Amino acid sequence: MTQQEVVLAARGLTKAYGANQVLHGIDLDIRAGSALGVVGENGAGKSTLLGILSGRTSPSGGTLSAQGQEQHFASPRAARNAGIVLIPQELAYVPHLTVAENLLLANWPARRWTVSHRRVLREGQAALDRLGLKVDARRTLAELSLAERQLVEIAKALLGQARVLILDEPTAALHARETAFLMEQLHQLKDDGVALIYVSHHLDELFEITDELAVLRNGRLADLTRTADTTVDRTVTLMLGTERPPEGAPRNPADTSPGLSLRAWSCSTQPRLDDVDLEVRGGEVLGLFGLVGSGAETIARGLGGHQRGIRGTVTDGTLTTGVPGKPREARAHGIAYVPAERKTDGLALGRTITESLSVMVLGRFARFGMWLDRRKNNRFCTEAVSTFDVRCRSVDQEVGELSGGNQQKVLVASRLLAGPRVLVLHEPTRGVDIGSRHQIHQQLHDYSRRGGAVLLVTTDVQEAISATDRLLVMRDGKVIGELVGSRKTESTALALAIGGSDV
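Count along the sequence shown from 1, add 384, and you get the number used in our numbering.
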């Protein structure tokens, strides 16, 4: 196989769901030993395109060719047999099985009526060694870091002789060190002749790993160019169809007022807390930044009533109580919580947009405390969809049918519409496109201008700097720095978070 051989070609791909055309005549060539980046806003057609390339979705028109042969993938297995493997954002694995068992789950080495566990271990360890992954194949998947699980999934694909790896937001849940490690392995795969299709909202990653960039907008190929011949700003403009929205401009927060104080928060379980004090004030967006395991996640979950084992107090105005033990106790403090995992913890994907937006405010639309005034409820939700720019067919559409960015807008909107005193958000823009990210941040700023208190907990240093008025940095269960004004920079925040010198 030559390094520039076209291993997968798409010609005139289209996809329609009824009258809704979501892809319009996409042409792409995927070459061995190279990486194609695919970018676009949520709803631009990326997921549909990946689904077609990986056999999860049938195209309405156009052709696919693999190694020069026209293909009609009826299933992911058919695509896998042709050497094309999708590694999704949400990995599928069996946590209590060993790494080796997960690797060979689809192709058990058997001896008559029994499984050869020795052979499973030998072949599994060999697959890890080929990828340069220093992991004991006898460990369970639950013991591995997220980056290691991503690489195990890649090793599984290579066991099946994958020629094309499709990676969908592979670093969405990784911290900086894990991302760097993953990038090293992907560069090695390119050197070995494997073709990559890399989908990410992190443009810095795309400019590091890819050779070409395909920009999708409204289901069309807006641009296809060599990565070296374009820029981040040009790419964003092509994605949005307009100039890049401003990020990180200086902001004058409203006059701050007492909001919520945490005192002496401690937690002995991982990620631990060690005597943490902080105050989030009305009229500001307070950022809480730290790497995975720093303890910031524990604070977010604790304020939402989702984390047990925390000792300490919460002061809401003049009332001081213990840490919320349940979500309803958090709501009694006027706290609304946006969890990091929207699909499992924040939204019921089978519910409609109307049901999701009004779930916390149904009492406003009850007649005589018993019957729901559906007309008022629908009018309220229609106005909310417009205010938060949720892209949908109607308010009766199921949330699970929306793109990730629009799902996140629904989640944030449902909490803000409840009128909390304090809004706590954990990774609010993970896996969200640039346009939606900007809109969500704008809603947070508008809310704080009205006197609301916002605590934004994130592992994304760019978000920590650009979206906040004041920033606390955590490491090893402690708040080890407060950054404001000219000291609030990415380099300073990262240096504090990783334990380096304060620059």
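Beta carbons: idealized from backbone N, C-alpha and C, even for Gly.
In this text, all values refer to a predicted model and were calculated from it rather than measured experimentally.
What number of angstroms, rounded off, separates the C-alpha of residue i from the C-alpha of residue j?
i    : j    : result
R461 : E739 : 36 Å
V680 : L839 : A small fix is needed here, since residue 680 is Ala in this sequence, not Val. Answer to the nearest angstrom: the Cα atoms are 11 Å apart.
G819 : E425 : 7 Å
E900 : L733 : An answer regarding residue 900 cannot be provided, because it is not within the stretch 385 to 887 covered by the chain.
E537 : L392 : 21 Å
V406 : S444 : 10 Å
G888 : A564 : The requested residue 888 does not occur in the structure, where the chain is confined to residues 385 to 887.
D659 : H408 : 56 Å
A633 : E389 : In this prediction, A633 has a pLDDT of 48, which is less than 50 and means its spatial position is unreliable; nothing more can be read from the coordinates.
Q846 : I719 : 25 Å
K760 : S770 : 16 Å
V796 : E454 : 44 Å
G666 : G701 : 11 Å
V616 : L437 : 26 Å
M744 : R854 : 29 Å
A463 : L528 : 28 Å
D729 : Q827 : 21 Å
G835 : G747 : 24 Å
E713 : Q691 : 12 Å
V367 : A484 : No answer is possible for residue 367: the residues shown for the chain start at 385 and end at 887.
L515 : Q569 : 7 Å
R522 : V478 : 14 Å
G508 : H501 : 10 Å
G643 : L703 : 11 Å
L622 : R715 : 42 Å
V707 : D773 : 35 Å
H456 : L608 : 25 Å
L741 : T614 : 40 Å
A579 : L530 : 23 Å
G421 : V583 : 6 Å
If you compare alpha carbons, which of the options is closest to residue i?
i    : options                   : result
L481 : G836, A526 and G467       : A526
L646 : G674, T609, R695 and A598 : R695
R814 : L407, I436 and L558       : L558
L535 : H571, R502 and T873       : H571
L512 : D613, H501, E532 and S500 : E532
R604 : D411, G421 and R503       : D411
A612 : D844, E767 and D595       : D595
I581 : L433, G446, K793 and A684 : L433
R685 : H717, T704, A724 and A606 : A724
D661 : L542, I864, L549 and V774 : I864
H897 : A606, R715 and T852       : Since the displayed the chain opens at 385 and closes at 887, residue 897 lies outside it and no answer follows.
L505 : D520, R833 and G467       : D520
Q451 : A546, G709, G861 and I882 : A546
L397 : V423, R726, G429 and A403 : G429
I849 : L880, K872, Q473 and I882 : K872
G861 : L597, R502, V599 and V676 : V676
P655 : G674, D844, G671 and T682 : T682
G435 : V469, L731 and V423       : V469
D588 : A560, H829, A403 and E474 : A560
L809 : S787, I737, G709 and V664 : V664
L475 : Y831, P554 and G467       : P554
F749 : R735, T736 and C765       : C765
N804 : S787, Y831 and V783       : Here the sequence assigns Pro to residue 804, which means Asn is not the residue at that position. Checking every option, the nearest Cα to that of P804 belongs to Y831.
T653 : S678, H717, L549 and R758 : S678
G788 : V779, G709, E562 and K727 : K727
Would you mind giving the Cβ-Cβ distance between residue i and residue j, rounded to the nearest angstrom? I have them listed as a contact below 8 Å.
i    : j    : result
L487 : K540 : 5 Å
D413 : I471 : The Cβ separation is near 21 Å, so there is no contact.
N762 : C776 : About 13 Å separates the two Cβ atoms, so there is no contact after all.
A416 : G577 : 5 Å
S418 : K518 : Contact flag wrong, Cβ pair sits at about 27 Å.
P711 : G688 : 6 Å
E816 : Q792 : Correcting the residue type first, residue 816 is Val in the shown sequence and not Glu. 5 Å between Cβ atoms; contact.
K399 : T441 : 7 Å
V423 : T619 : 6 Å
A881 : G674 : 6 Å
From the DSSP secondary-structure annotation, give me the bridge partner or partners of residue i.
i    : result
S650 : R695
H810 : V841
N404 : Y401
R502 : DSSP, once it has assigned bridges, lists no residue as partnering R502.
G671 : L840 and L855
T766 : BP columns for T766 are empty, so no partner.
A394 : L412 and L448
R821 : Per DSSP, none; premise fails for R821.
A598 : V422 and L608
Length-filtered (4 minimum) alpha helix (DSSP H) runs lying within the region 689-739: 711-716
Every unbroken alpha helix (DSSP H) inside the region 515-588 [4 residues or more]: 530-543 and 560-575, all fully within the region 515-588.
Can you list the alpha helix (DSSP H) stretches of 4 or more residues lying completely in the region 840-877, in chain order? Taking only runs of at least 4 residues, the alpha helix (DSSP H) segments lying wholly in the region 840-877 are 845-850.
Identify every run of the beta strand (DSSP E) within the region 402-484, keeping only runs that are complete inside it and at least 3 residues long; order them along the chain. 404-415, 419-423, 445-450, 453-455 and 468-471
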